[in-house]
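Accompanying notes for the structure given below.
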Amino acid sequence: MDASARGHLLNKLASLIERDAVELASLETLDNGKPYKDAYLADLPLSIAVYRYYAGWADKNHGKTIPIGGDYFCYTRHEPVGVVGQIIPWNFPLLMQAWKLAPALAMGNTVILKPAEQTPLTALYVANLIKEAGFPPGVVNIVPGYGPTAGKALATHPKVDKG
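Taking the UniProt record's numbering, the leading residue of the sequence shown gets 1, the next gets one more, and so forth.
This is the structure in structure tokens:
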């Protein structure tokens, strides 16, 4: 998938999160006891802004030429790292998910995301929104579970390129 398509999907995801803000704020409240007002007025707008911000960067991450002496041409080339493992803490589940998921997807990586076992509801809801937005199957994988089992497996798996 090209970079502009990734940006389009991230913007679509942000719009879906915005559409379902009431449900997501309610889930944040159920998940960790956060006041509904805080989730609705702070966490949701910030999460939406993060997805839109990285959607804008998706097609702007170009390599650069580096001036050096002699008859040489030097440049950088940015490429996806591959499979990114992400473990989300319990205290800001939706916002921390956005902070980790959006940049990884904008740069063309696939993600395995494990929400905290205490607060999985918003991650599972966002998984449905990711599907609705049109991300290809397997690009985002949400794996709820306990830290000592699912978290350890994710953190130590040899095919996870970045954790």
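Glycine included, every Cβ here is placed at the ideal spot set by N, Cα and C. Please read these numbers as outputs of a predicted model, since none were measured by experiment.
Check the DSSP bridge columns for residue i and list the partner residues they point to.
i: G85; result: I112
i: residue 173; result: The structure shown does not extend to residue 173, since the chain spans only 1 to 163, so no value can be given for it.
Helix, strand or coil for residue i, going by three-state DSSP, please let me know.
i: T65; result: strand
i: K162; result: strand
i: V50; result: helix
i: V22; result: helix
i: N91; result: coil
i: V139; result: coil
i: H157; result: coil
i: A58; result: coil
i: K12; result: helix
i: D2; result: coil
i: E117; result: coil
i: M96; result: helix
i: G145; result: coil
i: K34; result: coil
i: G151; result: helix
i: G7; result: helix
Within 10 Å of its beta-carbon, does residue i have 16 or more other beta-carbons around it, so buried, or fewer, so exposed?
i: R6; result: buried
i: residue 164; result: Lying before the first or after the last residue shown, residue 164 is absent from the chain, which here runs from 1 to 163.
i: D31; result: buried
i: Y36; result: exposed
i: A104; result: buried
i: E132; result: exposed
i: K60; result: exposed
i: D38; result: exposed
i: Y51; result: buried
So, under 8 Å CB-CB, residue i and residue j are touching, yes? Tell me the CB distance rounded to an integer number of Å.
i: L129; j: L13; result: 6 Å
i: H78; j: G56; result: About 16 Å separates the two Cβ atoms, so there is no contact after all.
i: L24; j: T122; result: 6 Å
i: A106; j: L10; result: 6 Å
i: P148; j: A116; result: Contact doesn't hold; Cβ gap of about 13 Å is too wide.
i: S4; j: A58; result: 7 Å
i: M1; j: P136; result: 7 Å
i: T76; j: I87; result: Contact flag wrong, Cβ pair sits at about 29 Å.
i: A155; j: V140; result: About 18 Å separates the two Cβ atoms, so there is no contact after all.
i: I112; j: L124; result: Going by Cβ atoms, the distance from I112 to L124 rounds to 14 Å, so no, they are not a contact pair.
i: V160; j: V83; result: 5 Å
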